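Chemist: Provided herewith is a single structure, encoded as C-alpha cells, for subsequent inquiry.
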Amino acid sequence: MSCSGEMKKGKTTYKLNRPGYHLPIDDVPAWICSQCNEVYFEENVVDNIQNVIKILDTQVNLSGNLRQLERRSFKI
C-alpha cells in the first residue's frame, strides 16, 4: 500500500479491457484504502475474475462478437 490509510471491505468495479471489447464487472468484493482508494482483491476473487475472463474470451472467440454475451451475468 502506498499510504497509511485504513483498508476497508467494500465493492468496486473491475474494468476488463480486452482487444475488441471493454466490459465493467460491477460489485466485486475488495479491500479499499480509505485515504487513496487503492484497491486490493483477495486471492479467491482474483481466481473468479480470471475464470470470467476465460469464459468471455472463449465465447467472444467462438461468436466473433460480444453482443450475444450482453444478457450474461457473472457473480464474483
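Residues in the sequence shown are numbered from 1060 upward in steps of one, following this note's numbering.
A virtual CB, placed ideally from N, CA and C, is assigned to each residue, including glycine.
Note that the structure is predicted; figures quoted are calculated from it, not measured.
1) Could you tell me the boundaries of the alpha helix (DSSP H) in which I1112 lies?
2) Less than 8 Å between C-beta atoms, sequence neighbours within five positions excluded: which residues of the same chain meet that for M1066?
3) Does the beta-carbon distance from T1072 to P1088 come in below 7 Å?
4) Measure the Cβ-Cβ separation of C1095 and G1064 and say whether it is below 7 Å.
5) Quick one: give me the first and last residue of the beta strand (DSSP E) that G1069 is part of.
6) Please state whether DSSP places I1135 in a helix, a strand or coil.
7) Roughly how many whole angstroms lie between the Cα atoms of L1075 and S1122?
Modeler: Let's see:
1) Walking along the sequence shown from the start, residue 1112 turns up at place 53. From DSSP, the alpha helix (DSSP H) with I1112 extends over 1102-1122.
2) Within the sequence shown, residue 1066 is the residue found at index 7, counting from 1. Closer than 8 Å at the Cβ level, and outside the excluded window around M1066, lie M1060, W1090, I1091, C1092, S1093, Y1099.
3) Working through the sequence shown from its first residue, we reach residue 1072 at position 13. Working through the sequence shown from its first residue, we reach residue 1088 at position 29. Result no, Cβ atoms of T1072 and P1088 do not sit closer than 7 Å.
4) As a first step, residue 1095 must be located in the sequence shown, where it is residue number 36. As a first step, residue 1064 must be located in the sequence shown, where it is residue number 5. Cβ atoms of C1095 and G1064: closer than 7 Å.
5) Indexing the sequence shown from 1 puts residue 1069 at position 10. Segment 1066-1077, the beta strand (DSSP E) holding G1069.
6) For the purposes of this step, residue 1135 is taken as residue 76 along the sequence shown, with counting starting at 1. Reduced to three states, the DSSP call for I1135 is coil.
7) Translated into positions along the sequence shown, residue 1075 becomes position 16. Translated into positions along the sequence shown, residue 1122 becomes position 63. Between L1075 and S1122, the C-alpha separation is close to 18 Å.
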